[in-house]
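Numbering (my numbering), first residue to last: 134 to 590.
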């Protein structure tokens, strides 16, 4: 067995792991990155990026069908057809370019990448096949994996998001188990690709992690698309049909060609001998402090492995910080807010505190909405659904939260987060000249309305 020595060893080449490695390389830290599958992790390969690519394909196909039927824009086209194989090839091409780019960045910054499955021996020793690696600092960045249901084992007609993102054909009927963001993003995409889609959700509404006012436009859009919702229903099993229990306790047998299980994700703590470290845990996640340090000295955990929120941009920010800590800089992970974005149709963004969260925190707040129905850019995009909502303290007008639902609102998340990090007040946003015509004008108008003088409402 050969032995390698390094200052920093990172297990996991997803967004958290590879960003840690790139920043460490920039800082001149000797770094080895171990990845068992493909660089980029779940996000680049079977998550964030491919799902957005498939959503884009679905939207383009849906819009073309719309123009074939009753377009108010005066556009008329023949009935479109879909070659899903070419769609998947296009999606895979994007993934390949991004993962190749990550590999090039790691090489540029003199990071040694070892492809293989890591086995932790202790806090300074990891084995990968017949190679032993000794390190001074160990970063755990193994990410998360889909939660499976024992009553619905993946295989055959029962699929996870991984299989859903690489379809060989579009099923005639698809049932999605789980009304959270993953289930709805993919469910909407498959509906636009032509499948008959049903969604099973145990709670009384879709996207239960978000407040009802924010999710109502998504609920309305699902009904308009023809997606059938089974709320307050629980899954019993599958034997050619999906058995579910309705709110009255009766059993329904639902015919389907495929069942997509999308009931959430959990930290990936299995299969690499994490037990050898005997770290303090926080439920199913590794417990960390404000510097991402675990209960063992010089061992860090970042990203999904360290629990919620399980977001790639959180993992990246943590990874950058950890690299700088190892280089001797003074840092702490204490963001004012981390944006959560749901790429449904319409899109949904939450940054900071919602009205209910502000109230629970004992804050007396002004809450103001501005509807996209009064926004010129939204009208030109054929989408007047949704709104921007601001939550600000009543006493000093400091903004504590932003939420939005509507077409393209994912792109507003940067402005929302930045305003919270900078401690902006309603007057700061209201007094900033926003370009016209843009969706961003609704941000200014929401602040102005909170101050009592919206201009376009």
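The C-beta atom is built at its ideal place from N, Cα and C for all residues, glycine as well. Nothing here was measured: the structure is a model prediction, and the numbers come from that model.
As a quick exercise: from the options, pick the residue whose alpha carbon is nearest that of residue i.
{"i": "residue 524", "options": "581, 280 and 447", "result": "581"}
{"i": "residue 144", "options": "137, 166, 135 and 159", "result": "166"}
{"i": "residue 387", "options": "397, 394, 396 and 375", "result": "375"}
{"i": "residue 457", "options": "353, 135, 137 and 152", "result": "152"}
{"i": "residue 229", "options": "254, 202 and 179", "result": "179"}
{"i": "residue 194", "options": "568, 511, 141 and 324", "result": "324"}
{"i": "residue 160", "options": "267, 546 and 453", "result": "453"}
{"i": "residue 583", "options": "540, 547, 511 and 498", "result": "498"}
{"i": "residue 563", "options": "149, 585 and 211", "result": "585"}
{"i": "residue 384", "options": "368, 202 and 267", "result": "368"}
{"i": "residue 570", "options": "559, 561, 510 and 522", "result": "510"}
{"i": "residue 419", "options": "342, 241 and 443", "result": "443"}
{"i": "residue 270", "options": "258, 264 and 263", "result": "258"}
{"i": "residue 491", "options": "455, 377 and 532", "result": "532"}
{"i": "residue 239", "options": "332, 547, 378 and 157", "result": "157"}
{"i": "residue 317", "options": "587, 346 and 185", "result": "185"}
{"i": "residue 512", "options": "205, 201, 197 and 190", "result": "205"}
{"i": "residue 336", "options": "413, 380 and 290", "result": "380"}
{"i": "residue 560", "options": "333, 546 and 529", "result": "529"}
Beta-carbon within less than 7 Å of residue i's beta-carbon, same chain only, minus the 5 sequence neighbours each way: which residues are those?
{"i": "residue 508", "result": "572, 574 and 575"}
{"i": "residue 276", "result": "145, 147, 174, 175, 401, 436, 437 and 438"}
{"i": "residue 344", "result": "487 and 489"}
{"i": "residue 527", "result": "497, 498 and 499"}
{"i": "residue 149", "result": "274, 435, 436, 448, 449, 451 and 452"}
{"i": "residue 550", "result": "470, 472 and 484"}
{"i": "residue 504", "result": "520"}
{"i": "residue 652", "result": "Outside the displayed range of the chain (134 to 590) lies residue 652, so it cannot be described from this structure."}
{"i": "residue 183", "result": "224, 228 and 298"}
{"i": "residue 556", "result": "531"}
{"i": "residue 426", "result": "433"}
Are residue i and residue j touching if we call contact CB-CB under 8 Å?
{"i": "residue 372", "j": "residue 307", "result": "no"}
{"i": "residue 319", "j": "residue 297", "result": "yes"}
{"i": "residue 330", "j": "residue 310", "result": "no"}
{"i": "residue 440", "j": "residue 485", "result": "no"}
{"i": "residue 322", "j": "residue 187", "result": "yes"}
{"i": "residue 162", "j": "residue 140", "result": "yes"}
{"i": "residue 255", "j": "residue 354", "result": "no"}
{"i": "residue 465", "j": "residue 423", "result": "yes"}
{"i": "residue 285", "j": "residue 392", "result": "yes"}
{"i": "residue 445", "j": "residue 181", "result": "yes"}
{"i": "residue 540", "j": "residue 516", "result": "yes"}
{"i": "residue 410", "j": "residue 253", "result": "yes"}
{"i": "residue 315", "j": "residue 395", "result": "yes"}
{"i": "residue 397", "j": "residue 313", "result": "yes"}
{"i": "residue 280", "j": "residue 462", "result": "no"}
{"i": "residue 115", "j": "residue 218", "result": "Here the chain comprises residues numbered 134 to 590, so residue 115 is not present and cannot be evaluated."}
Leaving out five residues on either side along the sequence, give the residues of the same chain with a beta carbon under 6 Å from the beta carbon of residue i.
{"i": "residue 250", "result": "169"}
{"i": "residue 245", "result": "165"}
{"i": "residue 590", "result": "507"}
{"i": "residue 236", "result": "172"}
{"i": "residue 554", "result": "469"}
{"i": "residue 617", "result": "Past the boundaries of the shown model lies residue 617; the chain is included only from 134 to 590, so the question cannot be answered."}
{"i": "residue 522", "result": "502 and 536"}
{"i": "residue 350", "result": "479, 518, 519 and 538"}
{"i": "residue 190", "result": "220"}
{"i": "residue 278", "result": "401"}
Report all residues from its chain with a CB closer than 8 Å to the CB of residue i; omit the five preceding and five following residues, and keep chain order.
{"i": "residue 348", "result": "338, 339, 340, 481 and 538"}
{"i": "residue 599", "result": "Not covered by the structure: residue 599. The range shown for the chain is 134 to 590."}
{"i": "residue 567", "result": "573, 574, 576 and 577"}
{"i": "residue 416", "result": "440"}
{"i": "residue 264", "result": "134, 135, 136, 137, 247 and 249"}
{"i": "residue 460", "result": "157, 160, 161 and 162"}
{"i": "residue 303", "result": "215, 217, 323, 326, 327 and 328"}
{"i": "residue 200", "result": "206, 208, 209 and 210"}
{"i": "residue 405", "result": "144, 250, 251, 252, 253 and 275"}
{"i": "residue 202", "result": "none"}
{"i": "residue 588", "result": "578 and 581"}
{"i": "residue 282", "result": "310, 368, 394 and 396"}
{"i": "residue 103", "result": "Examination of residue 103 is not possible in this model, given that the chain is present from 134 through 590 alone."}
Within the present structure, is the beta-carbon of residue i separated from the nearest heavy atom of the ligand FMN by less than 7 Å?
{"i": "residue 155", "result": "Ligands displayed in this structure: none; no statement on the ligand FMN is therefore possible."}
Secondary structure, beta strand (DSSP E): runs of 3+ residues fully inside the stretch 368-397
374-378, 384-388 and 391-394
Do the stretch 224-243 and the stretch 360-371 meet, that is, are 3 or more Cβ pairs less than 8 Å apart?
no
Hey, which unbroken runs of the beta strand (DSSP E) at 3 residues or more fall wholly within the stretch 208-283?
When DSSP assignments are scanned along the stretch 208-283, the uninterrupted stretches of beta strand (DSSP E) that are 3 or more residues long and fall wholly within it turn out to be 245-248, 251-255, 258-261, 264-273 and 277-279.
Within the stretch 383-469, ranges of the beta strand (DSSP E) (whole runs, at least 3 residues)
384-388, 391-394, 398-400 and 432-434
Complete runs of the beta strand (DSSP E) confined to the stretch 277-359 [at least 3 residues]
277-279, 306-310 and 329-334
Only counting runs of 3 or more residues, tell me where the beta strand (DSSP E) segments fall wholly within the stretch 163-214, in order along the chain.
164-168
Starting from the N-terminal side, write out each stretch of the beta strand (DSSP E) that is 3 residues or longer and does not extend beyond the stretch 477-548.
480-485, 498-504, 520-526 and 532-539
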